[in-house]
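**Student:** First residue of the sequence shown? That's 7 in this note's numbering, and the numbers climb one at a time after it.
Just passing along the structure, written as structure tokens.
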Amino acid sequence: MNVLPITRFPEPLLKRPTRPVERADAAAVQRLIEAMIRTMRHHPRCVGLAAPQVGSDARIAVMDATGHPKATTTHGLRVLVNPRLEGEEGTVLSREGCLSIPDFTANVSRATRVRLKALDQRGEPYALTLEGFEAIVAQHEVDHLDGCLFLDRVANIKTDVFRRKTYL
Ligand code: NI
């Protein structure tokens with residue numbers, strides 16, 4: 007299976023909440039997850055991808071912050087089916103980017119610690135406490151699944167949004 011094309015802003019699908027997955031083990035869901043992992047790996051330094059970014063309205067994201075310079079500890083590759091975040095703690099302003107908004111980065115306020123609850127690729131529930139960069143990635147991806155982009159979270163568009171000078 008090939009790498010999937012990336013949906014870019016202002017495609018309306020990116021602004022719509024996704025639909026919960028009923029059967030995580032369904033063949034079509036498995037194919038989508040595999041293709042999302044492949045697509046994430048295809049883009050250098052891409053640490054997360056949400057289904058709306060590849061044209062799907064399923065509540066699925068994948069993430070892997072392993073090896074990223076901002077990541078201290080990570081839980082490796084994670085598949086997030088029907089994820090939710092709770093117990094947010096702390097706040098940090100961090101610079102974010104997104105494959106769907108390739109021309110800009112922005113400073114976004116995020117929790118420094120979150121509890122992630124989701125189903126894995128086999129439909130088994132799991133819960134993880136995420137910290138630092140990995141917590142930020144999870145918040146960015148779950149936002150995608152709620153139809154929210156990082157630019158929607160910018161406090162001051164004049165001082166916190168930056169045009170990208172280099173592309174990875
Ligand atoms: Ni994104």
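Just so you know, even glycine gets a beta-carbon here, dropped at the ideal spot from N, CA and C.
Treat the numbers as computed from the prediction; the structure is a model and nothing was measured.
Nearer than 8 Å: is that true of the beta carbon of ALA112 relative to any heavy atom of ligand 1?
**Tutor:** no
**Student:** Alpha carbon to alpha carbon, how far is PRO108 from ARG90? Give it in angstroms, no decimals.
**Tutor:** Distance between the alpha carbons of ARG90 and PRO108 is about 26 Å.
**Student:** If we count the other Cβ atoms within 10 Å of its Cβ and call it buried at 16 or more, is ASP158 buried or exposed?
**Tutor:** That one is exposed.
**Student:** Would you list, in sequence order, the uninterrupted beta strand (DSSP E) runs of no fewer than 3 residues that lie entirely inside the stretch 18-83?
**Tutor:** 54-56, 66-69
**Student:** From the DSSP output, which residues share a beta bridge with ARG119?
**Tutor:** GLU95, GLU137
**Student:** Between the stretch 45-64 and the stretch 12-20, can you find at least three pairs of beta-carbon atoms closer than 8 Å?
**Tutor:** Touching, yes, given that three or more Cβ pairs across the two stretches are closer than 8 Å.
**Student:** Can you tell me which of the three DSSP states GLU147 falls into?
**Tutor:** helix
**Student:** Rounded to the nearest angstrom, what separates THR51 and HIS74 at their Cα positions?
**Tutor:** The sequence given here has Arg at residue 51, not Thr. Answer to the nearest angstrom: the Cα atoms are 7 Å apart.
**Student:** Mind checking GLY54: buried by the 16 CB within 10 Å criterion, or exposed?
**Tutor:** buried
**Student:** May I ask you to report which of helix, strand or coil DSSP gives PHE156?
**Tutor:** helix
**Student:** What residue does the beta strand (DSSP E) around PHE168 start on, and which one ends it?
**Tutor:** 167-169 is the span of the beta strand (DSSP E), which, as asked, contains PHE168.
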